[in-house]
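Undergrad:
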Amino acid sequence: MVLAVDIGNSNICIGGLVGESHREVLFTTRMVTRPRCTGDEYAAELKFLLGRLRVDCSACEGVIVCSVVPSLTAPLADACRRLTGKEALIVSCALDTGLTFRVDEPWRVGRDRIADAAAAAALYPLPCMTVDLGTATTYNVLSAQREFLGGFIVPGVQTSLRAISAGTAQLPPIAPEPPSNLIGRNTVEALNNGAMFGTAAMLDGLAERVEAQLGAPLTVIATGGLAPYIMPCCRRKIIYDSDLLFKGLALLWERNQDHLT
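The end of the sequence shown is residue 271 by the working numbering, with every number in the run present.
1) Looking at the structure shown, is Gly95 part of a helix, part of a strand, or coil, going by DSSP?
2) So, helix, strand or coil for Cys244, using DSSP?
3) Suppose only complete runs of 3+ residues qualify. What are the beta strand (DSSP E) ranges in the segment 29 to 85, listed by chain order?
4) In whole angstroms, give me the CA-to-CA distance for Asp268 and Leu136.
5) Going by C-alpha distance, which of Pro116, Asp66, Gly161 and Cys243 is nearest Ala210?
6) If you compare alpha carbons, which of Asp88, Glu71 and Ile184 is closest to Val198?
7) Do Leu152 and Leu143 have their CB atoms nearer than 9 Å?
8) Give me the Cβ distance between Ala232 and Val141, rounded to the nearest whole Å; I'm assuming they're in contact under 8 Å.
9) Could you tell me which uninterrupted alpha helix (DSSP H) segments, each at least 4 residues in length, are contained entirely in the segment 101 to 182, listed from first to last along the chain?
10) Pull up the distance between the alpha-carbon of Glu51 and that of Asn191, whole angstroms please.
11) My output table needs one value for Gly225: the three-state DSSP class, helix, strand or coil.
12) In whole angstroms, give me the CA-to-CA distance for Gly204 and Val220.
13) In the DSSP assignment, the alpha helix (DSSP H) including Ala260 goes from what residue to what residue?
14) Rounding to the nearest angstrom, what Cα-Cα distance links Asn19 and Val119 in this structure?
15) Output the boundary residues of the beta strand (DSSP E) element that contains Leu13.
16) With DSSP as the reference, please indicate the residues paired to Asn21 in a beta bridge.
17) Do three or more CB pairs link the segment 85 to 99 to the segment 120 to 132 at distances below 8 Å?
18) Who are Ala232's beta bridge partners in DSSP?
19) Taking 8 Å as the cut-off, does the segment 62 to 72 touch the segment 248 to 255 (at least 3 CB pairs, one atom from each stretch)?
20) Pull up the distance between the alpha-carbon of Val306 and that of Phe58, whole angstroms please.
21) Just checking, does the segment 11 to 31 make contact with the segment 39 to 46 on the three C-beta pairs under 8 Å criterion?
22) Just checking Leu59 against the ligand ADP - is the residue's beta carbon closer than 8 Å to any of the ligand's heavy atoms?
23) Please report the Cβ distance between Leu27 and Ala260, rounded to the nearest whole angstrom; I am assuming they are in contact, meaning their Cβ atoms lie under 8 Å.
24) Please list, in chain order, all residues of the same chain as Pro265 whose beta carbon is under 6 Å from its beta carbon, the five residues on each side excluded.
25) Whole angstroms are fine: how far does the CA of Pro227 sit from the CA of Ala154?
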């Protein structure tokens with residue numbers, strides 16, 4: 011088993027990758043991202059969570075860490091080393107990703123975007139666009155030649171809803187949910203449907219424009235917890251892959267494990 015850690019802005023997701031080429035996700039768990047936590051604190055919390063899942067840390071073949079919170083990369087890698095005895099492989103554009111980066115500053119590309127893109131290029135027809143609906147909604151565009159062309163970054167659905175609630179006097183905080191109809195008939199529905207259908211319309215519109223620019227049919231893959239809510243609101247076909255990022259981490263581990271020897 012390979013232990014995969016995805017450090018996001020809101021949550022840290024941990025997965026166990028097993029099977030052929032470690033493509034099967036045996037388990038997932040998560041903890042809240044707390045930038046001020048130390049390696050000791052994260053080691054204790056990680057040990058508790060994995061203990062509840064009866065994970066034998068000593069049996070881990072390796073560790074891979076993907077982080078968009080630079081200050082937590084070293085503490086989490088250290089916590090994993092203490093539990094497994096393995097040095098963590100840190101995701102970056104310098105790894106063998108199977109991609110060619112056609113962007114101005116490849117080293118600034120979010121590590122989660124690299125993992126999503128690596129998985130999409132290996133598993134789905136190209137050209138393609140990935141959509142990861144997290145704290146930020148991130149889009150990656152990949153050419154038919156496995157080139158990472160760039161993409162789009164916009165505030166996530168929940169981030170936008172929190173911002174509009176905090177910045178207005180009469181709009182309440184809400185949790186997004188699947189809409190039952192298009193037009194909101196009250197304030198809560200108007201907020202929810204605006205977020206759901208607005209995100210879907212943006213996804214459809216961006217996909218249409220990218221497809222026109224590339225001049226070829228575009229595969230669109232969505233991931234993230236809100237993707238199943240958004241997809242029914244879309245007009246075009248969207249493939250849902252809940253484990254896209256973990257599949258990317260498995261692929262990156264397989265291609266780069268020799269870097270740790």
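Backbone N, C-alpha and C fix where the C-beta goes; we use that ideal spot for every residue, glycine too. All values derive from a computational prediction rather than experimental measurement.
TA: Well, looking at it:
1) Translated into positions along the sequence shown, residue 95 becomes position 85. Coil at Gly95, not helix or strand.
2) Stepping through the sequence shown from its first residue, residue 244 is reached at position 234. Three-state result, Cys244: coil.
3) 34 to 42 and 72 to 77
4) Residue mapping note: residue 268 aligns to position 258 of the sequence shown, counting from 1. Residue mapping note: residue 136 aligns to position 126 of the sequence shown, counting from 1. If you take the alpha carbons of Asp268 and Leu136, they lie about 28 Å apart.
5) For the purposes of this step, residue 210 is taken as the residue at position 200 of the sequence shown. Out of Pro116, Asp66, Gly161 and Cys243, Cys243 has the C-alpha closest to the C-alpha of Ala210.
6) Numbered from 1 along the sequence shown, position 188 holds the residue referred to as residue 198. It is Ile184 whose Cα lies nearest to the Cα of Val198.
7) Looking up residue 152 in the sequence shown gives position 142. Looking up residue 143 in the sequence shown gives position 133. Not a contact, by the Cβ cut-off of 9 Å.
8) Here residue 232 corresponds to residue number 222 of the sequence shown, with the count starting at 1. Here residue 141 corresponds to residue number 131 of the sequence shown, with the count starting at 1. With a Cβ gap of about 5 Å, Ala232 and Val141 count as contacting.
9) 121 to 133 and 167 to 176
10) Position 41 of the sequence shown, counting from 1, holds the residue named residue 51. Position 181 of the sequence shown, counting from 1, holds the residue named residue 191. Using only the alpha carbons, I get a separation of about 46 Å.
11) Counting from one through the sequence shown, the residue named residue 225 turns up at place 215. Gly225 falls in the coil class under three-state DSSP.
12) The residue given as residue 204 occupies position 194 in the sequence shown. The residue given as residue 220 occupies position 210 in the sequence shown. Their backbone Cα atoms lie some 23 Å apart in a straight line.
13) Residue numbering aside, residue 260 sits at position 250 when the sequence shown is read from its first letter. First-last of the alpha helix (DSSP H) with Ala260: Leu254 to Asn266.
14) Counted from its first residue, the sequence shown places residue 19 at position 9. Counted from its first residue, the sequence shown places residue 119 at position 109. In a straight line, the C-alpha of Asn19 is about 15 Å away from that of Val119.
15) For the purposes of this step, residue 13 is taken as residue 3 along the sequence shown, with counting starting at 1. Val12 to Ile17 is the span of the beta strand (DSSP E), which, as asked, contains Leu13.
16) Taking the sequence shown and counting its residues from 1, one reaches residue 21 at position 11. Paired residue(s): Val42.
17) no
18) Taking the first residue of the sequence shown as position 1, residue 232 is located at position 222. DSSP lists Val141 and Tyr250 as partners of Ala232.
19) no
20) Residue 306 is absent from the structure shown; the chain starts at 11 and stops at 271.
21) yes
22) The model depicted lacks the ligand ADP and carries no ligand whatsoever.
23) Locating residue 27 in the sequence shown gives position 17, where the first residue counts as 1. Locating residue 260 in the sequence shown gives position 250, where the first residue counts as 1. Yes, they are in contact, since the Cβ atoms of Leu27 and Ala260 sit about 5 Å apart, within 8 Å.
24) Here the question's residue 265 lines up with position 255 in the sequence shown. Checking the displayed sequence, the identity of residue 265 turns out to be Arg instead of Pro. Cβ within range, chain order: Asp106.
25) As a position in the sequence shown, residue 154 is number 144, starting the count at 1. As a position in the sequence shown, residue 227 is number 217, starting the count at 1. Roughly 10 Å between the two C-alpha positions.
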